[in-house]
Amino acid sequence: MSSVKLEVQWSPIHSNKFITWGTEICLYEVAQIKDTVRPSCIKISDSTIAHLLATNTSHHYVKCIDIYPQPEPDILLAVGQANGKVVLTTFGPTAFDSLGLTGKELAPKHARQCNAVAWNPVDPNLIVCGLDKYRTDHSVLLWDVLKSPFDIERIHHHSTSQSDSVRPISESGISETAHSLAWFNNEPRCLVVGINNKHLKIIDFRDAVKVVNATPTKAVYSLSVDPHNDYHLVSHIENQITIWDTRYFEKPVLTLPQSRPVTKVLWCPTRHNLLGSLQKDSGALHLHDVQHCGIGGGGEDTEPGALERTVIPPWSSPASFSWHPIHVNRLLGISQQGLTDYTVFERITVNWATRSYLAWNHASKSIKYICSNDNIYKSLDDISVLTKSRANAEYGLLPELSQNGDLAENETLKNLWQWLYLSRSLVDDDTIQSPENKHPGVRMVLKLDGQQNSTNSFIKSELVHRPWTDIGSNHTAKIYRSSDRDKALQLCGWRFDKETNALYNHLFLERLEREGAYPRAAAISVFNLGLRQAIEILNRGASKMSLATNLNIVAMALSGFSEDRNSMWRELCLKSRSQLSDPYLRATFAFLTADNDSYENVLNENGMAVEDRVAFALMFLSDNKLHEYLKKLTQKLSEEGNLAGFLLTGASIEGVQLLNRYLEITGDVQSCSLIAIRALPPKLLQENQVQVWIDSYRALLDAWKMWNQRAHFDIAMRTSTNEKPPQQVYISCNFCGKSISAYMQGLSRARGPFGRLGGTSNKLKMSSCPSCRKPLPRCAICLMHMGTVSGLQTSTSNTNRSEEDNKLTEFSSWFTWCQTCRHGGHANHITNWFRHHSECPVTTCRCRCSSLDASFKAGSLLQII
Amino acid sequence: MFEAHSINAEHKDLIHDIAYDFYGQRMATCSSDQFVKVWDEDEHGNWHLTASWKVHSGSVWKVTWAHPEFGQVLATCSFDRTAAVWEEIVGEGSGPGERGMRHWVRRTNLVDSRTSVTDVKFAPKTLGLLLATCSADGVIRIYEAPDVMNLSQWTLQHDISCKLPCSCLTWNPSLSRLHPPMLAVGSDDSNTSNGGKVFIYEYSENSRRWTKTETLSNVVDPVHDIAFAPNLGRSFHTLAIATKDVRIITLKPVQDSAQSGLSRFEITTAKFEDHYCTVWRVCWNIMGTILASSGDDGCVRLWKDNYINNWKCVAVLKGDGTSAQSTETPLTTTPPNHPTGVQQPLSTTRNVTIATVTAEKPTAPIMSTSKWQAPVTKGRFSKSVWLGNPAEPSPLPPPILDRPKSKK
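In order, the protein sequences belong to chains A and B.
Using our numbering, you'd call the opening residue of the first sequence number 1 and step up by one each time.
Using our numbering, you'd call the opening residue of the second sequence number 866 and step up by one each time.
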């Protein structure tokens, strides 16, 4: 033999034992892996090892083996050999020895290869073997290992040669070759045999041996019976796996063509209708989930199919495998390289609920899920959880714009809301004239974009040379001024005291200091030519902050400022500037050492807040350069979706694009839609883009059942457009068709004939149509006419008079009715009724009104269960 | 140690699909045991089985909920070649004070397919009550209930043949008026020489027809699941594909594609092989920011976009729910039961945009010192194609990320 065929088989009765055979038969025990792996153990997976218990080398030319399937503590093997003998053997001394089973040989009359051996699954003594052809001899032999016809008396006399004389109790298959065979599980005397490369035969040993069924096919190898369904068989030949149903045995119910020759196919004992197969020269395990289909559905029989699946266990060129008899989807593979213990994972389906539940199945047994309260989910940092909690906190709907930013608990959003607040207040107090847009951006204020004739409106800036007064130098800095620039500076938060030399607002700097932003305060001081003040700020900062920031060293360096182009101070500053970790300090020195009014190092200092960079540009850049810089910066920030860019764009179409970019990056549709409804002018609100945000956010609120938030959102949206939503519900008289509610509204304004009644504590009672005097319908519960104050109303207290006066009736006595049967009544009566009933309160009506309403479900569910 | 919550499913065979309703408070499961089970959550967060019935005479592949606006409606599809629409109604049981039992009735059985119906999905509700099915014979069918109050009547509106056996479909959920109704279909055809396995169909209001506008030719392996991300107003569509790896594909509509005659979309692909072998399912969270995928490694993996198209694995959940890992950095685990214990190189930031049509010539890696990871072609990318207009200039490396530091 060129190569030894390797085989592996789990013991059908011991869940932790298996045998392998090739040149010798080995028995292994599987154990969980421990820290120390003994040398006698083989690692067969990441978590299991196989411990070699015994080896049996006394049998050569093993062709096939079956393990005795009865629940005994020891393992008894039936070994089919190349000479046709079936030998019973064990590993070491066992209880079988006393029964005379060990070493027993079941030999055919004529020696030829044994192809298959199988213990009967029910009768413990029966074993069948399938042999090659020999002239007119039988090839399927049934033996009784305990009671052979001749055994009893011969045992005593010829104990050495007794095995020769054992005769099979039944024989079948004259002049035929049995390639493979399998017992049926529920019919203990029936088996199916693959014969002569051309037939499958079902043989019944019960009476006279006879073939009860046969079908012509070449697929005669690896024949086996589905452990879950005795009707289903599988066999294979070359590239084909065929599945048979013994009830329609004429042709296979399913043929599965494979791309390579099949070497092994086995039913999975733990899953219904699942086959595993190996193919030649392929490392994959092929799984065939056979789909049967009953009658029905389409009305006719549907052909079965198979769901094919390939898994690649961590093995190389497996020779054979064996399913574990009990453990679900576990199998053991064997190859020249070793053994592999592997469990096939079932397909997992996974789904995500709108409420941030993530569920998946664990095989067929259970559904696993995680939800937003679990730590594992929290660590995902899911924006939808954040969105939901912000929505719960009324984020974006608080009247004061800046408060919304505090709720967001996010620096960028906080800054944006704060800026919205700032820009609105500037517009409101007429510092900036912008009648249509409450939130103009810097570019808008400077009139940089827009009309073609923008040159006209763009105000030319004047150049001011301002001296560095507080260091006693007569050196001057070039500063550009114009009224538009001043306004824009205010948008940046740099509030100016217009004419004094201390151009900036001390309050602003004090606030920065309070917040610990000393470098920033210092930088802004320097940009406003307040060098001395900057040094003071830094010194104050140094006393408060940790040493690591070295603020007083910086202050020292700053004090050496020299305007001389060639001074050593300048040279050193240029060198060591890049080593400063704080962007504001870097920018400060960049400003002080700048050449020829080129402030690139300040303007491109990305660590600086955008508003500070823009403000700096507004002071020190000429009109052309400013224009160029702002254009570039806007473009860059828009591309990045950086909300700080909203300062430049303002509530414009570019602002919308910026927000959309931000949305694409973060998914924060909530902030986008809320900023839209709070800040965008009505015209921009109609943009398709913006409408999609709003629709998406409303759909989110709907999915979370946050109806109140959704309503508040809608109200806020309406207020920004200034258009009143039309009344959506009208009550008209059944008889004359005239609107009743219109009349009622008139009453509430205390005019008309009933005006004097409006103010009394007894609410208005009106039970008939005001125009035709016909009565209004009655409430199905209290049988009072609608419009009447009835039932549970408590005496109106005077405390809430102002609110109550506007309403004609309490919510509880409003009209309500079923959309299907049109019966109804007072809202609270109806609600009460459906708390205990599912049918309509009207006697003859069988409408199940409440159950038709999906949103009513939640409460009613419990009572069903 | 983390343990996921568990519900005893009581299905007798493999569960193929789990579907949540619009509010996430009802759940439907379907299985090879031919049953659908409906679960409801009570106010304490416990899930109760409220209905279980035999829906088909073969394995039930998919189950899906209609928008609650149309009632409590489910659709199922099965190996038995049919798809069905089910409605929950309240029974006729009467008696004072007794609430009728709810039960599910079959409203229609869609029997047009001659082979196994592999997926069924309701359209976004803005399109009306539409139902799309696809089947193993490669036909996509779109049904409409013209009267939303009558769920027994469905008319077959469109019958689109896509030649390859279909395994999954997804509607584009975009609410934008500018996006025509769009469907993506995947095929599990195992022959890689048959070309692309994902097809995009769009509905043209003018011709009143669905036409194939795109074939993703770089997905040639069998596709098992496909899902459009919720759009929320993004200017591009994101499509997750479960094939032998996880693909996240963005489709950015190209303006004026009619003239150029080229692709309708600028397509970017990201690809992750962490599942080692087959990927079975993909699904998105409600805002389309995190993707969940399941695969043959027996794990559910979660993917998150850190910056534009910079997807990373953020968590791995084991199928049995007994333990789970969450990590900032990509996990380095060995394949399950790998005997040699060799660590495979694992995916990190792996999005590639290659500005050429020929995928074989990736651009040279651009190294960047900034936080942003420049597009780098790494070993485990076998292919990544940018199918946009080749005449367009290469996209510039995205700008250096600068967020203002906290001003404290």
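Built from N, CA and C at the ideal position, the CB exists for glycine as well.
query	result
Sub-8 Å separation of T929 (chain B) and F887 (chain B) beta-carbons	no
Expected contact under 8 Å - CB spacing of D341 (chain A) and I44 (chain A) to nearest Å	4 Å
Where the alpha helix (DSSP H) through S1069 (chain B) begins and ends	Looking at the DSSP string, S1069 (chain B) is not in any alpha helix (DSSP H); the run it does join, the beta strand (DSSP E), is 1063-1069.
Under 7 Å from the C-beta of H876 (chain B): neighbouring residues of chain A	S364
Under 9 Å by beta carbon: chain A residues contacting G1184 (chain B)	F345, E346, I348, W360, N361, H362, A363, K368
H712 (chain A), enclosing alpha helix (DSSP H) - first and last residue	707-721
Proximal chain A residues relative to D984 (chain B), where beta-carbon distance stays under 7 Å	Under the 7 Å cutoff, chain A gives no residues; its nearest Cβ is about 12 Å from D984 (chain B).
Extent of the continuous beta strand (DSSP E) to which Y357 (chain A) belongs	357-362
Any 3 or more C-beta pairs closer than 8 Å across the segment 441-449 of chain A and the segment 583-599 of chain A	no
Residues that N873 (chain B) contacts on chain A, provided the C-beta gap is smaller than 9 Å	K365, S366, I367
K763 (chain A) versus C847 (chain A) - alpha carbon distance	Any reading at K763 (chain A) needs caution, since the residue's pLDDT is 48, under 50, leaving its predicted position unreliable; the model's value is listed next. Roughly 33 Å between the two C-alpha positions.
Residues from the segment 695-708 of chain A in contact with chain C, defined by Cβ distance under 7 Å	Included in the structure are the protein chains A and B, with no chain C among them.
Backbone CA spacing between L630 (chain A) and Q689 (chain A) [nearest angstrom]	25 Å
Test item: CB-CB of A284 (chain A) and V328 (chain A) under 8 Å	no
Same chain only: Cβ atoms within 7 Å of L879 (chain B), ignoring 5 sequence neighbours per side	S896, S897
DSSP-derived helix/strand/coil call for H1023 (chain B)	strand
Selected residue, minimal CA-CA separation from D137 (chain A), among A:S259, A:P108, A:K17, A:A534	A:P108
C-beta neighbour in chain B for Q291 (chain A), strict 8 Å	yes
Beta-carbon proximity check, V1147 (chain B) vs I1106 (chain B), cutoff 8 Å	yes
Beta strand (DSSP E) runs contained entirely in the segment 871-916 of chain B, provided each spans 3 or more residues	880-885, 891-896, 900-906
Beta-bridge partners of G1051 (chain B), as assigned by DSSP	B:C1033, B:V1063
8 Å Cβ cutoff, H1274 (chain B) in contact with chain A	A question about residue 1274 (chain B) goes unanswered here, because the residues of chain B that appear run from 866 up to 1273.
Continuous beta strand (DSSP E) stretch holding K264 (chain A): start and end	262-267
Top-ranked residue by Cα proximity to C114 (chain A), from A:A95, A:T94, A:T719, A:L141	A:L141
Buried/exposed call for I883 (chain B), threshold 16 Cβ in 10 Å	buried
D1185 (chain B) beta carbon less than 8 Å from that of H362 (chain A)	yes
Inter-residue Cα distance where the pair is T1035 (chain B) and E176 (chain A)	57 Å
Range covered by the beta strand (DSSP E) that runs through C114 (chain A)	114-119
Between the CA atoms of T20 (chain A) and V8 (chain A) - distance to the nearest angstrom	4 Å
Outcome for I1265 (chain B) when other beta-carbon atoms lying within 10 angstroms are tallied against a minimum of 16	Confidence is the limiting factor: at I1265 (chain B) the pLDDT is only 44, short of 50, which leaves the residue's position unreliable and the question unanswerable from this model.
Limits of the beta strand (DSSP E) - the one that L275 (chain A) falls within	274-279
Chain B within 8 Å of A353 (chain A), Cβ atoms only	yes
Selection from A:G737, A:V610, A:P777, A:R778 that minimises the alpha carbon distance to S771 (chain A)	A:G737
For T843 (chain A) and W1278 (chain B), the rounded distance between their alpha carbons	Any property of residue 1278 (chain B) remains undetermined from this structure, which presents chain B solely from 866 to 1273.
The segment 1097-1118 of chain B: positions lying closer than 9 Å to chain A by Cβ	L1097, G1098, R1099, S1100, F1101
First and last residue of the uninterrupted alpha helix (DSSP H) at H627 (chain A)	623-640
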